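Residue numbers (our numbering): 7 to 237.
Reviewing the structure listed below.
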Amino acid sequence: DDHEWRAPSATDVRSPCPGLNTLANHGYLPRNGKNISIPMMLDAALEGFNLGPDSIIQAAKFGLLSGDAPTTLDLDALALHSLIEHDASLSRGDFALGDNLHFNETIFSTLANSNPGVDYYNASSASLVQNQRLAISLATNPNITNTLKEIEIRTRESGFYLSVMGDPLTGVAPKKFVQIFFREERLPIAEGWRRPNVTITVATLGTIADIMSTLSNWTATQECEDLVLGP
Ligand code: HEM
Ligand code: MG
């Protein structure tokens, strides 16, 4: 298989998700970013990141609601606000402020500059970054949506970057790898990254999320109804 990194062409589509985009840029997902089924996403996540299906199956299923095709999605459609896409992202602007799809270095600088003095990010630094990004959005976006749904998705996503670019068991990830993942949507193989040898699961992500929650000062901006997500 050809899994070298290639930048997307002018007609290839990409998403607000650095994980799916990286998988497409390496050919684990179709490089055009189109007509992607749930099994294709689950297989690509396992092959590319050693990320098991349990932590992405819900997102993958929700993702189908982003378009009209019965069993597939196109990556760009995942920018649909409030399906999965949310405010106070780590690397993209808020929907109401313009562009919620493309990487934004100004937004990303909060994460990039976090955990000063050491060369890694971890669950503690990720939690502080989450607080800071939310504070910035609360101060600048009068239309912010910030409910239990958003904090749960955001915490899962922080666990994703720590786990796929670092050690899924400790949540420690080299800054250099995380920055390449976000900025270039590339696997930093040339820089020394290796696919985690532990499968990333709901359980490993839960350990990271528990550490994050001890430092979280999160409160809801709006209330939402409980979501029924499965049987
Ligand atoms: C956002 C990682 C799978 C849809 C994110 C973010 C990360 C991430 C780190 C946060 C980006 C930011 O805050 O700027 C991953 C990894 C995956 C994965 C490593 C493993 C394959 C999926 C799947 C879906 C999905 C299966 C749905 C089909 C999204 C969307 C966002 C997102 C829509 C944008 C949320 C936002 O920041 O507003 N992902 N993801 N991701 N992901 Fe994924
Ligand atoms: Mg967003």
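Beta carbons: idealized from backbone N, C-alpha and C, even for Gly.
Since we're looking at a predicted model, the values are computed, not measured.
CB of residue 182 within 8 Å of CB of residue 174, strictly: Within the sequence shown, numbered from 1, the residue matching residue 182 stands at position 176. Within the sequence shown, numbered from 1, the residue matching residue 174 stands at position 168. In this structure, residue 174 does not lie closer than 8 Å to residue 182 by Cβ.
Residue 91 Cβ short of 7 Å to the ligand MG heavy atom set: Working through the sequence shown from its first residue, we reach residue 91 at position 85. At least one heavy atom of the ligand MG falls within 7 Å of the beta-carbon of residue 91.
Cβ neighbour criterion (16 or more within 10 Å) applied to residue 141: As a first step, residue 141 is located in the sequence shown; it is residue number 135 there, counting from the start. Burial call: exposed.
Bridge-paired residues (DSSP) for residue 43: Stepping through the sequence shown from its first residue, residue 43 is reached at position 37. In DSSP, residue 43 forms a bridge with 78.
Simplified DSSP state of residue 235, which is helix, strand or coil: Reading the sequence shown from its first residue, position 229 is the one you call residue 235. It is coil, neither helix nor strand.
beta-carbon residue 21 near the ligand MG non-hydrogen atom, thresh 7 Å: The residue labelled residue 21 in the question sits at position 15 within the sequence shown. No.
At least 3 beta-carbon pairs within less than 8 Å: the segment 155-167 vs the segment 198-216: yes
Validate contact between the segment 67-85 and the segment 39-48 using beta carbons, cut 8 Å, 3 pairs: As far as the Cβ criterion goes, the segment 67-85 touches the segment 39-48, which means the pair count is three or higher.
Terminal residues of the alpha helix (DSSP H) in which residue 167 lies: The residue labelled residue 167 in the question sits at position 161 within the sequence shown. Where residue 167 is concerned, the enclosing alpha helix (DSSP H) stretches over 154-171.
Burial state of residue 152 (16 or more Cβ within 10 Å): What you label residue 152 is simply residue 146 of the sequence shown in a count that begins at 1. Label assigned to residue 152: buried.
C-alpha gap between residue 102 and residue 126, whole angstroms: The count along the sequence shown starts at 1 and reaches residue 102 at position 96. The count along the sequence shown starts at 1 and reaches residue 126 at position 120. C-alpha separation (whole angstroms): 32 Å.
Residues of its chain near residue 88, where Cβ-Cβ distance is below 7 Å and the 5 sequence neighbours each way are ignored: The sequence position of residue 88 within the sequence shown is 82, counting from 1. Taken in chain order, the residues that qualify are 151.
Residue 70 to residue 221 span [Cα, whole Å]: Within the sequence shown, the letter at position 64 stands for residue 70. Within the sequence shown, the letter at position 215 stands for residue 221. Cα-Cα distance, rounded: 34 Å.
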